[in-house]
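Under the numbering used here, the final residue of the sequence shown carries the number 485; numbering is consecutive throughout. For glycine and all other residues, C-beta sits at the position ideal for the given N, C-alpha and C.
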Amino acid sequence: MTSLPILIAGAGIGGLTTAIALARRGIPLIVCEKRTRFHEVGAGIQVSPNAGRVLESLDLGLALRRIAVRPDRLEIRHWNGNDVLTMPFSAGPADQTPFRTVKRADIHQILLDAARTMPNIRWLIGRGLAEVKDEGDHLDVTLASETGQTETMQVMGLVGADGAWSRSRVLAGDARPPRFTGWEAWRTLVPVAGLPASLRAAKVTLQLGRARHAVYYPVASGQEINLVIIRGARHGQDGWSRPGQAQELSATLSHACGDLRRLVADAPAWHVWSLHDRPPTAMANGRIALLGDAAHPVLPFLAQGAGLAIEDAAVLADALSHRLAEGGAAALPAAFAAYAAARAQRAARMQETSRNNGSAYHLAKPWSYARDMVLRRLGPDGLRQRHAWVYDWMPPAG
Numbered sequence: 088m089t090s091l092p093i094l095i096a097g098a099g100i101g102g103l104t105t106a107i108a109l110a111r112r113g114i115p116l117i118v119c120e121k122r123t124r125f126h127e128v129g130a131g132i133q134v135s136p137n138a139g140r141v142l143e144s145l146d147l148g149l150a151l152r153r154i155a156v157r158p159d160r161l162e163i164r165h166w167n168g169n170d171v172l173t174m175p176f177s178a179g180p181a182d183q184t185p186f187r188t189v190k191r192a193d194i195h196q197i198l199l200d201a202a203r204t205m206p207n208i209r210w211l212i213g214r215g216l217a218e219v220k221d222e223g224d225h226l227d228v229t230l231a232s233e234t235g236q237t238e239t240m241q242v243m244g245l246v247g248a249d250g251a252w253s254r255s256r257v258l259a260g261d262a263r264p265p266r267f268t269g270w271e272a273w274r275t276l277v278p279v280a281g282l283p284a285s286l287r288a289a290k291v292t293l294q295l296g297r298a299r300h301a302v303y304y305p306v307a308s309g310q311e312i313n314l315v316i317i318r319g320a321r322h323g324q325d326g327w328s329r330p331g332q333a334q335e336l337s338a339t340l341s342h343a344c345g346d347l348r349r350l351v352a353d354a355p356a357w358h359v360w361s362l363h364d365r366p367p368t369a370m371a372n373g374r375i376a377l378l379g380d381a382a383h384p385v386l387p388f389l390a391q392g393a394g395l396a397i398e399d400a401a402v403l404a405d406a407l408s409h410r411l412a413e414g415g416a417a418a419l420p421a422a423f424a425a426y427a428a429a430r431a432q433r434a435a436r437m438q439e440t441s442r443n444n445g446s447a448y449h450l451a452k453p454w455s456y457a458r459d460m461v462l463r464r465l466g467p468d469g470l471r472q473r474h475a476w477v478y479d480w481m482p483p484a485g
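Okay, here's the thing in structure tokens:
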């Protein structure tokens, strides 16, 4: 190996999973995060078996079980509440990894706590990427704080896990900006106290309407309901989120069922994200590798954005540990290239499937009738098989 560390830019779910996976293999790391404090918003995420297997391989299964809900089914309904299809969640392949729903802040804290126990991780908080210079056998990386202070360090390589507005992606050679999709996501967490039993059940509900849809499910060990409403928007906002006011949703809730209206009425606060898209880019360029939204942002119509980043972390750690053990720092570009080759096709398919789902979710009549007919003909088993390529993915054996 080498005494030079690898720099991970970004301490979100993808960056922290990568840090844990690499640190467990004895690789020295620096994790930099431009935020000055760790605070995850975004309500909830679905941890499907493909991502769950990675987390369990990192000995996080017990901690995950303490915060998660295990929904037993997906219910697809119309906006007015009429049923379309119910699909029981299977346990997956023989390892029996379940489908889970979690609060984003909870899973982020689990990852952060695990990473902080690793002695070979150095933390640089409140500093983001500014410049990178490739010196052949290493990188000179300059970090900058919000006050303008800079520092330059030598690292073996850079892993960009800094999100859809990634500076790492620009430094790797792709400066194309994210494209606003015409959609925005309203997210909130609703306390379960006082809610009817139908809303507290361990299930994921997907409600489809013309140019809108909603998803809701329990998180935080069943104490809260994660609610996401997607609707069209004329203008996008760059970057992260903005506060939203419930009255802005009044037109969107037209013809909505009672359950959905009840959740909206009980929502304490809203965060609104303008949904941006980017085509997949090269996931490696020399001594720079990209993962998660920095490489392939996934629209939230497949619930695989975090899951794909977690998968990336497992594949990247496997590629690095094997090649660095054999060839030292000189082998890092080849390791990054192998990682990129292993991930490119799956990442592109995830992105495309999510875009197609978004189109299908928001169909108007009469096209929605055709969509419903296809779903009913597929039935629960057929729908599960259609998603098998997502959920049955297995991480490298190590």
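With respect to the beta strand (DSSP E) encompassing residue i, which residues constitute its N-terminal and C-terminal limits?
| i | result |
| --- | --- |
| isoleucine 95 | 93 to 96 |
| glycine 215 | 214 to 221 |
| tryptophan 476 | Tryptophan 476 -> not in any beta strand (DSSP E); alpha helix (DSSP H) instead, spanning 475 to 478. |
| glutamine 133 | 131 to 134 |
| leucine 377 | 375 to 377 |
| arginine 160 | 160 to 165 |
| glutamate 271 | 266 to 278 |
| threonine 188 | 187 to 190 |
Going by the beta-carbon positions, is the gap between residue i and residue j smaller than 8 Å?
| i | j | result |
| --- | --- | --- |
| glycine 379 | alanine 248 | yes |
| leucine 216 | arginine 256 | no |
| glycine 244 | phenylalanine 423 | yes |
| valine 359 | serine 135 | no |
| alanine 427 | alanine 376 | yes |
| isoleucine 117 | proline 92 | yes |
| leucine 486 | leucine 350 | With the chain represented from 88 up to 485, any question about residue 486 goes unanswered, as that position is not in the structure. |
| isoleucine 100 | leucine 295 | no |
| proline 305 | threonine 184 | no |
| alanine 404 | threonine 105 | yes |
| alanine 231 | arginine 209 | no |
| alanine 192 | isoleucine 107 | no |
| aspartate 146 | glycine 373 | no |
| arginine 266 | histidine 363 | yes |
| leucine 199 | phenylalanine 176 | no |
For residue i, which three-state DSSP category applies?
| i | result |
| --- | --- |
| glutamine 241 | strand |
| glycine 309 | helix |
| serine 337 | coil |
| methionine 205 | coil |
| proline 175 | strand |
| histidine 363 | strand |
| aspartate 224 | coil |
| alanine 181 | Note on alanine 181: pLDDT 48, under 50, position unreliable in the model; no value is reported. |
| threonine 123 | coil |
| leucine 103 | helix |
| leucine 211 | strand |
| serine 90 | coil |
| glycine 281 | coil |
| histidine 300 | strand |
| glycine 250 | coil |
| alanine 369 | coil |
| histidine 195 | helix |
| glutamine 472 | helix |
| alanine 108 | helix |
| alanine 231 | strand |
At what residues does the alpha helix (DSSP H) containing residue i begin and finish?
| i | result |
| --- | --- |
| valine 257 | 254 to 258 |
| serine 285 | 284 to 287 |
| proline 330 | No alpha helix (DSSP H) holds proline 330; the beta strand (DSSP E) holding it covers 328 to 331. |
| glutamate 120 | Taken as a continuous stretch (DSSP letters only), glutamate 120 belongs to no alpha helix (DSSP H), being part of the beta strand (DSSP E) at 116 to 120. |
| phenylalanine 423 | 419 to 448 |
| glutamate 413 | 392 to 414 |
| valine 351 | 345 to 353 |
| leucine 151 | 148 to 154 |
Quick check: does the Cβ of residue i come within less than 7 Å of any heavy atom belonging to the ligand NAD?
| i | result |
| --- | --- |
| proline 482 | The ligand NAD is not part of the structure shown, which contains no ligands of any sort. |
For residue i, collect the residues of the same chain with a Cβ closer than 8 Å to its Cβ; drop the 5 residues on either side in sequence, then sort them by chain order.
| i | result |
| --- | --- |
| serine 90 | Pro115 |
| glutamate 398 | Asn137, Ala138, Val141, Arg430, Arg433, Trp480 and Pro482 |
| alanine 451 | Arg297 and Ala298 |
Might you give, ordered along the chain, the residues of its own chain that have their beta carbon closer than 6 Å to the beta carbon of residue i, omitting 5 neighbours on each side?
| i | result |
| --- | --- |
| proline 384 | Ala251 and Arg365 |
| tryptophan 357 | Trp273, Thr275 and Gly331 |
| isoleucine 212 | Glu120 |
| aspartate 261 | Thr368 |
| isoleucine 316 | Trp273 and Ala301 |
| glutamate 233 | none |
Pull up the CB-CB distance for residue i and residue j, whole angstroms please, since I reckon it's below 8 Å.
| i | j | result |
| --- | --- | --- |
| leucine 407 | leucine 109 | 7 Å |
| alanine 549 | leucine 411 | Any question about residue 549 goes unanswered here, given that the chain covers just 88 to 485. |
| isoleucine 154 | alanine 307 | 7 Å |
| alanine 416 | aspartate 224 | 6 Å |
Sorted by chain position, which residues of the same chain lie with C-beta nearer than 7 Å to residue i's C-beta, five sequence neighbours on each side aside?
| i | result |
| --- | --- |
| glycine 319 | Gly269, Trp270 and Ala298 |
| valine 277 | Glu311, Ile312, Leu314, Leu350, Asp353 and Ala354 |
| glutamate 143 | Thr184 |
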